[in-house]
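**Student:** Everything in the sequence shown is counted per my numbering, starting at 173 for the first residue and increasing by one. Please read through the structure below; I'll follow up with questions.
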Amino acid sequence: MSGTKLSCDVVVIGGGATGVGVLRDAAMRGLSAILVERVDLGQGTTGRYHGLLHSGGRYVVSDPESATECAEENAILTRIHPDAVEATGGLFVAVAGDDESYPDRFLAGAEATGVPTSEITVAEALRREPRLNPQIFRAFEVHDGTVDGWRMVWGAADSARQYGAQVLTYHRVTGIEVRDGAVAAVICHGDKTGEDVTIDCRAVVNAAGPWAGKIAELAGEQDVEVVPGRGIMIAMNHRLVNRVVNRCVYPADGDILVPVHTVSIIGTTDARASDPDRLAIEPAEVQQMLDAGEQLIPGFRQARALHAWAGARPLLKDRRVSADDTRHMSRNMSVITHDVRGLVTVAGGKLTTYRLMAARTMDAVCQVLGENRPCRTADEAVATGSTYKVTHRLGEVEKAKKASHGLPDPDPVICECELVTKSMITDLLAAQPTATFDDLRRQLRIGMGPCQGGFCASRTAGIAHESGCWSAAQSTELLRLFLKNRWNGIYPILSGAQAREASLDEWIYQGTYSIDALPVTDLPAGAELVSATPYPSPGPNPAASTGDTQSTDSASGTSTANSSGEGK
């Protein structure tokens, strides 16, 4: 097995928002930097996100410091990530039965923390969001927004590359060399290339999120106690609201509804997870989320639940609360400078504060290295495009259709749910020949609409084969794997219309394609394989056929999300 030697000033471990933010910050300060990520960018906690760009309102009472940070970073991210942020605005509403004293505490907390907030009448709130529960008795508007976490991460990574940084995805860190009490090198293995890579460096930033403790141990440090706070989310099939709607209560489960792209996401729960790679979704939690949505939006349960997933918040152990009480652990960020010189760990915080976390981390790194290099990430936009619009793809498709003058479309729509065209797929495969099916999903949103890949997945596999990127056998196996990974998020919410959709998909892929009988080959290195699918195989069943509210199987036990079930 061949080996590669690289060198740089700073190695960043972890390709989530914080890690990529550190990479961009380091590169903009003039330091050479390399990021190492075991899978794809934004595939861990960042990819299993709620889609909320916090105004700070959620934390004005429970965590004032985080509230102020969110308010300040909200304005910065809206400016520097125009193509990833939708400035939807947000509402905090108190519903009949909620604590009647909390809205006044909320308003006082907002003023104290500098979170822009104003009270509006109930009538005005209902005018803006007609589906809201008419039983609300107080309403406040805030500067919440929605964010595409993947687009944000890729934009920051591209910006970092423009400043000379390198990104090594699908590279697992296997060791950290320490010499004379200081970090000297990071050793990693390329799962797609098969190569071992040694990166000599002056500093290492551990931005591995829930896995930060394991990375620190590679350097002999045992003092990083990260508690994975598991939260589940459910995507509903369309925008039930056009603004972020928060319950005006002390932070609790299922109290935020976020419109993201073409869907609405209800969330979230908060419980300690034993393993951030195996996050359970309990049937009772699914029902809890649907019940919570019903309290905000009457008739919520009649909407179609598309997909459920779980993410793990990287919370630092908070000795003020019990070890399992992740709901009340602080969301504050923490930057740790270790005894091993040059090793810096960053944990805590939120997606909204990723840039600030990166800035404080690089301040600590520069201090360790004896460098005086100020942060510039708030001054320069990551992307120069126009502000994100949910209808952006519709305009492009309609324009192309009009230009064809009624002739057969040279660039047909492959995924009707998300308006993904053939050229989008071929262009991405040309740029990333080793892309997996889930890479295409994250970057193009293939399979993230109501059919969950039932119709578009086979078309995409055929296009990938025609383009020469995947052999016929690889296309079959990657398609099969993609459908299994989609199933992981469908199974927990399988009922009603979605159960009928799953039954139809089963007949398409098993009854028509007989996909399990098609010849296959070894998966391309780096394909995201579920080690052991924890659900029964999808198939026709009486509950799915009749549209019963819950299929028998899905009510019977715990579901488990994995690294491929993020996002939606």
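Each residue gets a CB set at the ideal place from its N, CA and C atoms; glycine is no exception. Quick caveat: nothing in here was measured; it's all calculated off a predicted structure.
1. Classify A480: buried if its beta carbon has 16 or more other beta carbons within 10 angstroms, exposed otherwise.
2. How would you call T684, buried or exposed, if buried means at least 16 neighbouring beta carbons within 10 angstroms?
3. For G281, collect the residues of the same chain with a Cβ closer than 6 Å to its Cβ; drop the 5 residues on either side in sequence, then sort them by chain order.
4. If we call anything under 8 Å between Cβ atoms a contact, is V430 one with V325?
5. Let's see if you can read the secondary structure: which residues bound the beta strand (DSSP E) around L462?
6. Need the endpoints of the beta strand (DSSP E) that Q338 sits in, please.
7. Under 8 Å, Cβ to Cβ, is there at least one residue of chain B near L612?
8. Which residues mark the beginning and the end of the beta strand (DSSP E) in which S331 is found?
9. Measuring straight from C-alpha to C-alpha, what distance separates M505 and A243?
10. What's the call for W679, buried or exposed, on a 16-neighbour Cβ count within 10 Å?
11. CB-CB under 8 Å to L279, same chain, minus the five flanking residues each way: which ones, in chain order?
12. So what does DSSP say about M408, is it helix, strand or coil?
13. Work out the CA separation of R652 and I687 for me, nearest whole Å.
14. For the alpha helix (DSSP H) containing S238, name the first residue and the last one.
15. State yes or no: is the C-beta of A645 within less than 8 Å of the C-beta of V692?
16. Using a Cβ-Cβ cut-off of 6 Å (strictly less than) and excluding sequence neighbours within five positions of A354, which residues of its own chain qualify?
17. In terms of alpha-carbon separation, which member of A247, V265, L263, Q334 lies closest to M200?
18. Starting from H750, trace the beta strand (DSSP E) in both directions and tell me its first and last residue.
19. Among the residues of its own chain, which have a CB less than 8 Å from the CB of A388, if the five just before and after it don't count?
20. Can you tell me the Cβ-Cβ gap for L304 and V417, rounded? I've got them flagged as a contact below 8 Å.
21. In three-state DSSP terms, what is L591?
22. Give me the Cα-Cα distance between D316 and E258, rounded to the nearest whole angstrom.
23. My parser needs the alpha helix (DSSP H) runs of 4 or more residues fully inside the stretch 608 to 632; what are they?
24. Helix, strand or coil for T525? Go by DSSP, reduced to three states.
25. Going by C-alpha distance, which of S204, A189, I185, V319 is nearest E543?
26. Can you name the start and end residues of the alpha helix (DSSP H) that N378 belongs to?
27. Helix, strand or coil: how does DSSP classify H637 here?
28. Out of curiosity, what's the CA-to-CA distance linking D270 and L263?
29. For the putative contact between M534 and G521, defined by C-beta atoms under 8 Å, what is the C-beta separation to the nearest angstrom?
30. Which residue comes first and which comes last in the beta strand (DSSP E) that contains P275?
31. According to DSSP, is D535 part of a helix, a strand, or is it coil?
32. What residues in its chain sit with their C-beta under 6 Å from that of L616, if we drop five residues either side in the sequence?
33. Taking just the CA atoms, how far does S436 sit from A674?
34. Can you say whether G283 is buried or exposed, counting buried as having 16 or more other CB atoms within 10 angstroms of its CB?
35. Whose C-alpha, out of W322, R658, P275, is nearest the C-alpha of G626?
**Tutor:** Per the coordinate set shown:
1. Here residue 480 refers to the residue found at position 308 of the sequence shown. It is buried - the Cβ of A480 has at least 16 other Cβ atoms within 10 Å.
2. The residue given as residue 684 occupies position 512 in the sequence shown. Label assigned to T684: exposed.
3. Counting from 1 along the sequence shown, the entry for residue 281 is found at position 109. The residues are V232, V233.
4. Translated into the one-based positions of the sequence shown, residue 430 becomes position 258. Translated into the one-based positions of the sequence shown, residue 325 becomes position 153. No.
5. Numbered from 1 along the sequence shown, position 290 holds the residue referred to as residue 462. L462 -> not in any beta strand (DSSP E); alpha helix (DSSP H) instead, spanning 455 to 468.
6. Indexing the sequence shown from 1 puts residue 338 at position 166. Its beta strand (DSSP E) spans residues 338 to 340.
7. Chain labels in this structure do not include chain B; a single protein chain is all it has.
8. The count along the sequence shown starts at 1 and reaches residue 331 at position 159. S331 -> not in any beta strand (DSSP E); alpha helix (DSSP H) instead, spanning 321 to 334.
9. Walking along the sequence shown from the start, residue 505 turns up at place 333. Walking along the sequence shown from the start, residue 243 turns up at place 71. Answer to the nearest angstrom: the Cα atoms are 15 Å apart.
10. Taking the sequence shown and counting its residues from 1, one reaches residue 679 at position 507. W679 should be labelled exposed.
11. Residue numbering aside, residue 279 sits at position 107 when the sequence shown is read from its first letter. Here the set comprises T289, E291, F312.
12. Counted from its first residue, the sequence shown places residue 408 at position 236. Strand, per DSSP.
13. Here the question's residue 687 lines up with position 515 in the sequence shown. Here the question's residue 652 lines up with position 480 in the sequence shown. Distance between the alpha carbons of I687 and R652 is about 7 Å.
14. The residue you call residue 238 lines up with position 66 of the sequence shown. S238 -> alpha helix (DSSP H) spans 236 to 252.
15. Reading the sequence shown from its first residue, position 473 is the one you call residue 645. Reading the sequence shown from its first residue, position 520 is the one you call residue 692. Yes, they are a contact pair.
16. Here residue 354 is taken as the residue at index 182 of the sequence shown, counted from 1. So the qualifying residues of the chain are R513, G514.
17. Residue mapping note: residue 200 aligns to position 28 of the sequence shown, counting from 1. The shortest Cα separation from M200 among A247, V265, L263, Q334 belongs to Q334.
18. Residue 750 lies beyond the residue range present for the chain, which begins at 173 and ends at 740; the question has no answer from this structure.
19. Here residue 388 refers to the residue found at position 216 when the sequence shown is read from its first residue. Only N378, Q394, D395, V396, H510, L515, T517 meet the Cβ criterion.
20. Here residue 304 is taken as the residue at index 132 of the sequence shown, counted from 1. Here residue 417 is taken as the residue at index 245 of the sequence shown, counted from 1. 7 Å between Cβ atoms; contact.
21. Position 419 of the sequence shown, counted from the first residue, corresponds to residue 591. Coil, per DSSP.
22. Counting from one through the sequence shown, the residue named residue 316 turns up at place 144. Counting from one through the sequence shown, the residue named residue 258 turns up at place 86. Near 9 Å, if we compare the C-alpha coordinates of E258 and D316.
23. 609 to 616
24. Against the sequence shown, residue 525 aligns to sequence position 353. Note: T525 maps to helix in three-state DSSP.
25. Sequence index remark: in the sequence shown, residue 543 carries index 371 (1-based). When only C-alpha atoms are compared, the closest one is S204.
26. Start at 1 with the first residue of the sequence shown, and residue 378 comes out as number 206. Here N378 belongs to no alpha helix (DSSP H); instead the beta strand (DSSP E) covers 375 to 378.
27. Working through the sequence shown from its first residue, we reach residue 637 at position 465. DSSP places H637 in helix when its eight states are reduced to three.
28. Start at 1 with the first residue of the sequence shown, and residue 270 comes out as number 98. Start at 1 with the first residue of the sequence shown, and residue 263 comes out as number 91. One C-alpha to the other measures close to 16 Å.
29. For the purposes of this step, residue 534 is taken as residue 362 along the sequence shown, with counting starting at 1. For the purposes of this step, residue 521 is taken as residue 349 along the sequence shown, with counting starting at 1. So it is not a contact: roughly 14 Å between Cβ atoms.
30. As a first step, residue 275 is located in the sequence shown; it is residue number 103 there, counting from the start. Taken as a continuous stretch (DSSP letters only), P275 belongs to no beta strand (DSSP E), being part of the alpha helix (DSSP H) at 274 to 285.
31. Working through the sequence shown from its first residue, we reach residue 535 at position 363. Three-state result, D535: helix.
32. Along the sequence shown, read from residue 1 onward, the residue named residue 616 stands at position 444. Counting only Cβ-Cβ distances below 6 Å, and skipping sequence neighbours, we find V592, M596.
33. Start at 1 with the first residue of the sequence shown, and residue 674 comes out as number 502. Start at 1 with the first residue of the sequence shown, and residue 436 comes out as number 264. Going by the C-alpha atoms only, they are around 20 Å apart.
34. What you label residue 283 is simply residue 111 of the sequence shown in a count that begins at 1. With the sequence shown as reference, residue 283 is identified as Glu, and Gly is not the correct amino acid for it. Its Cβ having fewer than 16 others within 10 Å, E283 is exposed.
35. Locating residue 626 in the sequence shown gives position 454, counting from the first residue. Per the Cα distances, R658.
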